[in-house]
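Participant: The sequence shown begins at 10 in the working numbering and counts up by one. All C-beta atoms, glycine included, are put in the ideal place defined by N, C-alpha and C. From a predicted model like this one, the values you see are computed outputs, not experimental measurements. Let me give you the structure first, and then I'll get to my questions.
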Amino acid sequence: MTKIEEVRDLRIADYNYPLPDERIAKHPLSQREQCKVLMYKDDTIEQHIFQEVPQLLPSNAMLIYNNTRVINARLRFRKATGSQIEIFCLEPVAPHDYQLIFQTTSQCTWLCLVGNSKRWKSGALTQSITVDGEPITISATRGERRGNAFEIIFSWDGNEVTFASVLEALGEIPIPPYLNRGTEESDLTDYQTVYSHIDGSVAAPTAGLHFTDEVLAECDRRGIARRELTLHVGAGTFQPVKSDNIGGHDMHTEFISVPRDLLAELATTTRPVIAVGTTSVRTLESLYYIGQILESNPDATGDELLVTQWMPYTTPCAITPQQSLQNIVAYLDRHHASNYLGSTQLMIAPGYTYRIVKGMITNFHQPQSTLLLLVSAFVGNDNWRKIYDYALDHDFRFLSYGDACLFL
Numbered sequence: 010m011t012k013i014e015e016v017r018d019l020r021i022a023d024y025n026y027p028l029p030d031e032r033i034a035k036h037p038l039s040q041r042e043q044c045k046v047l048m049y050k051d052d053t054i055e056q057h058i059f060q061e062v063p064q065l066l067p068s069n070a071m072l073i074y075n076n077t078r079v080i081n082a083r084l085r086f087r088k089a090t091g092s093q094i095e096i097f098c099l100e101p102v103a104p105h106d107y108q109l110i111f112q113t114t115s116q117c118t119w120l121c122l123v124g125n126s127k128r129w130k131s132g133a134l135t136q137s138i139t140v141d142g143e144p145i146t147i148s149a150t151r152g153e154r155r156g157n158a159f160e161i162i163f164s165w166d167g168n169e170v171t172f173a174s175v176l177e178a179l180g181e182i183p184i185p186p187y188l189n190r191g192t193e194e195s196d197l198t199d200y201q202t203v204y205s206h207i208d209g210s211v212a213a214p215t216a217g218l219h220f221t222d223e224v225l226a227e228c229d230r231r232g233i234a235r236r237e238l239t240l241h242v243g244a245g246t247f248q249p250v251k252s253d254n255i256g257g258h259d260m261h262t263e264f265i266s267v268p269r270d271l272l273a274e275l276a277t278t279t280r281p282v283i284a285v286g287t288t289s290v291r292t293l294e295s296l297y298y299i300g301q302i303l304e305s306n307p308d309a310t311g312d313e314l315l316v317t318q319w320m321p322y323t324t325p326c327a328i329t330p331q332q333s334l335q336n337i338v339a340y341l342d343r344h345h346a347s348n349y350l351g352s353t354q355l356m357i358a359p360g361y362t363y364r365i366v367k368g369m370i371t372n373f374h375q376p377q378s379t380l381l382l383l384v385s386a387f388v389g390n391d392n393w394r395k396i397y398d399y400a401l402d403h404d405f406r407f408l409s410y411g412d413a414c415l416f417l
C-alpha cells in the first residue's frame, strides 16, 4: 500500500474519545495565564501553569503565532414575515482581498453560510443600524450558490461608512457552536488574542488566548524570539469528519500571509520553531510545499501555488526546508513583494513528516477532528490517547476556552 493510501484509509473512529459536556470550558479563566498546560516531551507528561511557558520553552526558541483578529462575522436579519435569517460571513469575494473589502464603502460581496435559507427565496433583507452616530440602512441580496454557501451582496448608505464599521455595528463574534450558548459581552475580548490585529478570521486561533502581555514580555526577557504570520481561520475549522476514512473528507481552504523577512529568517535560523496553534502549524508546514512547487516551476502563480490536501503524501520531498524557504524569498524578490499571500488546504495526519515546526502550543481538540489528527501526527504513534487520557483524569478543561498543551 502506498503512503497516500495508508493515510486516506485512516479510520476517524480511531481518533475518538469520551468528552462529557461538563469538561468543555464555557468561559476562560478570569486570568488567562493561570490555566493549566500539559507538557509532553521525550515521552513524558508534566503539568504546569501557562505563565510558566517561557521557562519551559527552549531558551533559543522562535515562537511564531497567528496575528489574525476575529471579525463580527454573524449577522442577523429579519424578514417582514418575522422569520430570522442568519448570515455568516466566510471569505471575501469582491473585492477578493481581506484588507480591501473591509475598507469598501457602499457595496461588497462575501461568501456566506445562510441559516434558515429556505425562508429566503428572493428579495433583499434590510436592517437599520447606527454607525458612529449616523443612521444607515444595510441590505443583503442572495447571489450564486457555491456548495452549501451563497454569495451575498451587501450594500449600504452612509457617508463613507466602511464595511468594517458595518460589521462592528451589526455583527456578533461567532463563538464556537459546541459552547451551546449565545455570544456574551465578555466574548468580545475573551475570544481575541492579545496580539490580534489583522481582521479576517471567523474563529479564533485559540491556543493564543492563553497569552498575556506579561507572558510575552517574559519570553522577551528570556531571549525567545517572537514572530507573526497570518492565517484567517474559516468556519471549516469546526467541520466534522463525516466519512469513515479521512480520505473522504475535503479540507477547507484558508488564506495565509507570511512576511518576507520572516521567510528569510526561517531559511537561515538555527532556533527551534515553536508554533502557537494549529493555524500557525498549517501555515508554516505549507511553506515547505509552496517552495517545492517553486523549485520546479519558479513562475507559478495563483492556483498553481495552492497547497492541496494530499500534496505531502504524493510529492517526493527532494529539497531541504531551507532551500524551499529560499525559493519563496526569491519569488517575492522577483515580484517586489514584502509578503507571501496564498492559500492552503493542507491536511496533517499520521504519516505526515513535519518539515519546519519543532514544537507547538495548542489546546485540547474535539474528538474525531482534523486538529486531533494533526496532533497525533506530531506526538507519534498512539501517544495522543495517553495525553488525552491524562488530561481527562486530571481535570483539564477542553476546547477553545480550555487549558493548553505544549508539545516539544
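Just mark Asp52 as buried or exposed, buried being the case when its beta carbon has 16 or more other beta carbons within 10 Å.
Facilitator: Exposed, since its Cβ has fewer than 16 Cβ neighbours within 10 Å.
Participant: For the segment 44-101, list the alpha helix (DSSP H) runs that are entirely contained and at least 4 residues long, ordered along the chain.
Facilitator: Listed in chain order, the complete alpha helix (DSSP H) runs (minimum 4 residues) inside the segment 44-101 are 62-65.
Participant: Does the segment 326-341 come into contact with the segment 232-250, if we say contact requires no fewer than three beta-carbon pairs (one atom in each stretch) closer than 8 Å?
Facilitator: Contact between the segment 326-341 and the segment 232-250 is absent, because fewer than three Cβ pairs lie under 8 Å.
Participant: Give, in chain order, every unbroken run of the alpha helix (DSSP H) that is at least 4 residues long and sits entirely within the segment 163-228.
Facilitator: Entirely contained in the segment 163-228, the alpha helix (DSSP H) runs reaching 4 residues are, in chain order, 172-179 and 196-199.
Participant: Buried or exposed: Asp23, going by 16 or more other Cβ atoms within 10 Å of its Cβ?
Facilitator: Exposed, because fewer than 16 other Cβ atoms sit within 10 Å of the Cβ of Asp23.
Participant: By the DSSP assignment, the beta strand (DSSP E) with Val282 in it spans what residues?
Facilitator: First-last of the beta strand (DSSP E) with Val282: Val282 to Val285.
Participant: With burial defined as no fewer than 16 other Cβ atoms inside 10 Å of the residue's Cβ, what is the status of Ala339: buried or exposed?
Facilitator: Counting Cβ neighbours within 10 Å, Ala339 comes out exposed, since fewer than 16 surround it.
Participant: Give a yes or no on whether the C-beta atoms belonging to Tyr410 and Ala34 are separated by under 7 Å.
Facilitator: Against a cut-off of 7 Å, the Cβ pair of Ala34 and Tyr410 comes out as a contact.
Participant: Cα separation between Thr310 and Met260?
Facilitator: Their backbone Cα atoms lie some 21 Å apart in a straight line.
Participant: Between the beta-carbon of Pro63 and the beta-carbon of Arg236, is there less than 7 Å?
Facilitator: Taking 7 Å as the Cβ cut-off, Pro63 and Arg236 do not qualify as a contacting pair.
Participant: When the distance is taken between beta carbons, is Cys98 closer than 7 Å to His219?
Facilitator: Contact flag unset, no.
Participant: Which residue from Gly142, Arg85 and Thr171 puts its Cα closest to that of Gln116?
Facilitator: Ranking the options by Cα distance to Gln116, first place goes to Thr171.
Participant: With the cut-off set at 7 Å, would you say Leu120 and Glu160 are in Cβ contact?
Facilitator: For Leu120 and Glu160, yes; Cβs fall inside 7 Å.
Participant: Among residues of its own chain, excluding the 5 on either side of Ala178, which ones have a beta-carbon nearer than 6 Å to its beta-carbon?
Facilitator: Answer for Ala178: Ile138 and Val140, listed in chain order.
Participant: Rounded to whole angstroms, what's the CA-CA distance from Pro281 to Asn348? Just pull it up for me.
Facilitator: So the alpha carbons of these two residues sit roughly 22 Å apart.
Participant: Where does Ile147 sit, in a helix, a strand or coil, going by DSSP?
Facilitator: Residue state, collapsed to three classes: strand.
Participant: One question on the structure: do Phe416 and Met369 come within less than 7 Å of each other, judged by their Cβ atoms?
Facilitator: Yes.
Participant: What are the start and end residues of the alpha helix (DSSP H) that includes Leu109?
Facilitator: First-last of the alpha helix (DSSP H) with Leu109: Tyr107 to Gln112.
Participant: Let me check one thing: in DSSP terms, what residues is Ser137 bridge-paired to?
Facilitator: Beta-bridge pairing links Ser137 to Thr146.
Participant: What does a CB cutoff of less than 7 Å around Trp393 pick up in its chain, not counting 5 residues either side in sequence?
Facilitator: So the list reads Leu381, Val384 and Ser385, once near-sequence residues are dropped.
Participant: Quick one: Cα of Ile418 to Cα of Leu134, how far?
Facilitator: Here the chain covers residues 10 to 417 and nothing more, so residue 418 does not appear.
Participant: Thinking C-alpha only, which one of Pro325, Thr323 and Leu296 is nearest Leu314?
Facilitator: When only C-alpha atoms are compared, the closest one is Leu296.
Participant: Take Val123 as the anchor and find which of Arg151, Leu350, Pro214 and Asp404 has the nearest alpha-carbon.
Facilitator: Answer by Cα proximity: Arg151.
Participant: Which residues in the same chain as Val224 place their Cβ atom closer than 8 Å to its Cβ, once the five residues preceding and following it in sequence are excluded?
Facilitator: Glu42, Phe59, Gln60, Val62 and Pro63, listed in sequence order.
Participant: Can you give the beta carbon distance from Leu341 to Thr292, rounded, assuming they're within the 8 Å contact cut?
Facilitator: Not confirmed; about 16 Å, so no contact.
Participant: Just tell me which of Ser305, Gly300, Thr198 and Tyr187 has its CA closest to the CA of Pro249.
Facilitator: Residue Tyr187 is the option with its Cα nearest to Pro249.
Participant: Tell me whether Ala89 is buried or exposed, calling it buried when 16 or more other Cβ atoms sit within 10 Å of its Cβ.
Facilitator: Ala89 comes out exposed.
Participant: Rounded to a whole number of angstroms, what is the C-alpha to C-alpha distance between Ala400 and Gln375?
Facilitator: Rounded to the nearest angstrom, the two C-alpha atoms are 13 Å apart.
Participant: Around the Cβ of Glu14, are there at least 16 other Cβ atoms within 10 angstroms (buried) or fewer (exposed)?
Facilitator: When all chains shown are included, Glu14 counts as exposed.
Participant: Whole-angstrom Cβ separation of Thr198 and Glu181, contact assumed at under 8 Å?
Facilitator: In fact, because the Cβ distance is near 14 Å, the residues do not count as touching under 8 Å.
Participant: Shortest alpha-carbon distance to Ser378 belongs to which of Leu19, His345 and Arg406?
Facilitator: When each option's Cα is compared against that of Ser378, the closest is Leu19.
Participant: Among the residues of its own chain, which have a CB less than 6 Å from the CB of Tyr26, if the five just before and after it don't count?
Facilitator: Cβ within range, chain order: Pro376 and Tyr397.
Participant: Thinking C-beta only, is Ile265 closer than 7 Å to Thr353?
Facilitator: Yes.
Participant: Taking Ser406 as the reference, which of Lys12, Val16, Glu31 and Ile21 has the closest Cα?
Facilitator: It is worth fixing the name first, because residue 406 is Arg in this sequence and not Ser. Cα-wise, what sits closest to Arg406 is Glu31.
Participant: Given a threshold of 16 other Cβ atoms within 10 Å of its Cβ, counted over all protein chains shown, does Glu294 qualify as buried or as exposed?
Facilitator: It counts as buried.
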